[in-house]
Amino acid sequence: MGNIRANTPYSFLSNLESLFSVSLQNSHEIIANFHQEMRSGLAGIDSSLKMIPSFVHRPTGTEKGSFIVLDLGGTNIRVMAVELDGNRKTALAAVTRFVIPQPLICGTGDELFDFIADCIQLFFKNNSLGRQQSYDLAFTFSFPVEQRSLASGKLIGWTKGFTASGVVGKDVVTILSEALQRKEMGFIHVVALANDTVGTLLAGSYSDPLCDMGVILGTGTNACYPEKVSRIVKSAGLGPPSGEMIVNIEWGGFSRLTTNIYDRELDSASNNRGKQQLEKMVSGMYLGEIARRVIVEMMKQGLLFSERSLPVFSEEYMLRTEHLSLIAQGSDLFADSTLKNVSAIDIRTIREICRIVSTRSARIAGSAIAAVVAWMDENLESDRTIAIDGTLFEKYPGYRENIMAILHELFGERAKKIKLELIRDGSGIGSAIIAAVAASGRDNFPHQTPDARI
Ligand code: ADP
Ligand code: MG
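For the record, in the sequence shown the residue sitting at position 204 is 203 according to numbering that gives the first Met the number 0, with numbers rising by one throughout.
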């Protein structure tokens, strides 16, 4: 489908609304296709869902200890000190958040990891942690990794705009440990490597035994769930067939959605063309850019602001999801800008664009959540908690409600059995739980059979 042609903002927006709509029918199709892709991914057949075994199962709630956690997200680095009391309670003893500077995202891997080591060094300094003793560090790494053991794994490929060189195909724990050595922090030992979704699920189920799904809605988006070992066909021999292993779906890669012209143009201009289709329609990294592309088109057609203002919106990714979030909250972002003669209709139009783009995101995310729920519990018979981490979910006005709306359309009254639980920093807290399991020696999966394929 090509672009919208309209004579008034109103008619453009009403066309835009249909272009971005995810109907109940569409949602059912997404779920059916999702299940097919999950099945293929688990069988090792070509699929847009990688379905990566994590070699981790859910915790018992008795895991105990204090750990340093490094959580490398798509926008932020969080370094924290996590305490697990062995009785379903976790505490963040200290946390420092850093924003990853843009040039490092596209520079060399060494520069990126040197910066990460600097963040850890600063965290130690700020919290007066001594260098005399050794520390166990759990590493939450929010990119697709082929896990080799609890504390090693190769980066399959970057997502979320990262291109840092020399990392793809390498063990990220080795790279981090080398950076720590370079900065004279060899007293820190990386004892666990976890995907952020797996961390989030672990953090959720540590405190709530009903929790059986972890979801990320931040810079990127992804999810994981506990799968019966017998159903992970591609990796036979991973443990007792009746047991469970958490599977990292890598759902950002799901490629069977209906895209429109804005999605296709965003994809063509991206540095990972043809990849991460769902992520590009749903996650925080991209919503602002989708909206910017719509705004530019409306300006070109003389339906928004004045054409003289076009240069204001010409830079890719200059409009960010946090801006959309502010606009959705009713703040007048453009009051201080160089835009001239902003009318009440312009403001209303921009708000509508934000609503349309964010609603589609939440309805696709809700459909993907429903697909995984139905995979585990076809008729939604049990109560279930879904642990969600990520600032998009936490802060975008109405995002949770939009997810719940599609769940209600799909499941009716039974949707009430689903609890969406925000676990702030869960992605990091959960990898401390993996570190605790590793320290206790209770990890019972034979690590990485040689033919385990992902
Ligand atoms: P990370 O992805 O690095 O782990 P977060 O979960 O905090 O970190 O997600 C950061 C992303 O969340 C940003 O890239 C942005 O897209 C989005 N975001 C940031 N602030 C807001 C906000 N106020 N409302 C909605 N989304 C936001
Ligand atoms: Mg994160």
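Glycine included, C-beta positions come from ideal geometry on N, C-alpha and C.
Of the candidates Asn86, Leu175, Val356, Gly251, Gly251 places its Cα closest to the Cα of Ile368. Non-local C-beta neighbours of Val167 in its own chain, meaning closer than 7 Å and more than five positions away in sequence, comprise Leu154, Gly156, Trp157, ordered along the chain.
Relative to the ligand ADP, Met317 has its C-beta separated by 7 Å or more from all heavy atoms. Beta-bridge annotation (DSSP): Cys223 is paired with Gly213, Asn247.
Excluding sequence positions up to five before and after Ile417, its CB lies within less than 7 Å of the CB of Val372, Arg383, Ile385, Leu406, all in the same chain and listed in chain order. Each of Gly72, Gly73, Thr74, Asn75, Gly217, Thr218, Gly283, Thr320, Glu321, Ser324, Gly389, Thr390, Leu391, Lys394, Tyr395 has a C-beta closer than 5 Å to some heavy atom of the ligand ADP; these make up the full list, in chain order. Under the three-state reduction of DSSP output, Asn75 falls in the strand class. Judged by DSSP secondary structure, Phe123 falls within the alpha helix (DSSP H) whose first and last residues are 108 to 125.
Per DSSP, Tyr398 lies in no beta strand (DSSP E) segment; the continuous alpha helix (DSSP H) that holds it begins and ends at 398 to 410. Assigned with DSSP and collapsed to three states, Tyr395 falls in coil, not helix or strand. By the Cβ test, the stretch 170 to 182 is in contact with the stretch 106 to 122, since at least three Cβ pairs between them sit closer than 8 Å.
Rounded to whole angstroms, the separation of the alpha carbons of Glu351 and Gly219 is 23 Å. When DSSP reads this structure, Gly64 sits in a beta bridge with Leu83.
By the neighbour-count criterion, in which a residue is buried when 16 or more other Cβ atoms sit within 10 angstroms of its Cβ, Leu192 is buried.
Secondary structure at Val98: strand, using DSSP grouped into helix, strand and coil. By the criterion of a C-beta distance shorter than 7 Å, Asn125 is surrounded in its chain by Thr95, once the five residues flanking it on both sides are discounted. Here DSSP, grouped into helix, strand and coil, assigns Arg147 to strand. If you draw a straight line from the Cα of Gly185 to the Cα of Gln131, it is about 11 Å long. Annotated three-state conformation of Arg383 is strand, per DSSP.
At the C-beta level, Phe138 and Leu69 come within 8 Å of one another. Burial of Ser206 is indicated by the presence of at least 16 other C-beta atoms within 10 angstroms of its C-beta. Glu306 has its alpha-carbon roughly 43 Å from the corresponding atom of Asp424.
Inclusion of Ala437 and Val190 in the CB contact set at 8 Å is warranted, their separation being smaller than that value. Judged by DSSP in its simplified three-state form, Ser17 adopts helix. In this model, Ser164 and Glu177 are separated by some 16 Å (Cα to Cα). Distance from the CA of Ala268 to the CA of Lys63, rounded to the nearest whole angstrom, comes to 47 Å. For the 8 Å CB-CB criterion, Gly72 and Gly213 do not form a contact. Rounded to whole angstroms, the separation of the alpha carbons of Phe333 and Lys159 is 27 Å. Within its own chain, the residues whose Cβ lies closer than 7 Å to the Cβ of Gln328, once the five positions on either side in sequence are excluded, are Pro396, listed in chain order.
Taking the Cα positions, Asp331 is about 29 Å away from Ile215. Using a C-beta cut-off of 8 Å, the stretch 345 to 361 makes contact with the stretch 289 to 299, since at least three inter-stretch Cβ pairs fall below that distance. Per the C-alpha coordinates, the member of Lys227, Glu380, Tyr398, Glu393 positioned closest to Glu412 is Glu380. Counting only residues of its own chain and dropping the five nearest sequence neighbours on each side, Gln300 has a CB closer than 8 Å to the CB of Arg4, Ala5, Phe11. With a contact defined as Cβ atoms closer than 8 Å, Gln146 and Ser53 qualify at about 6 Å.
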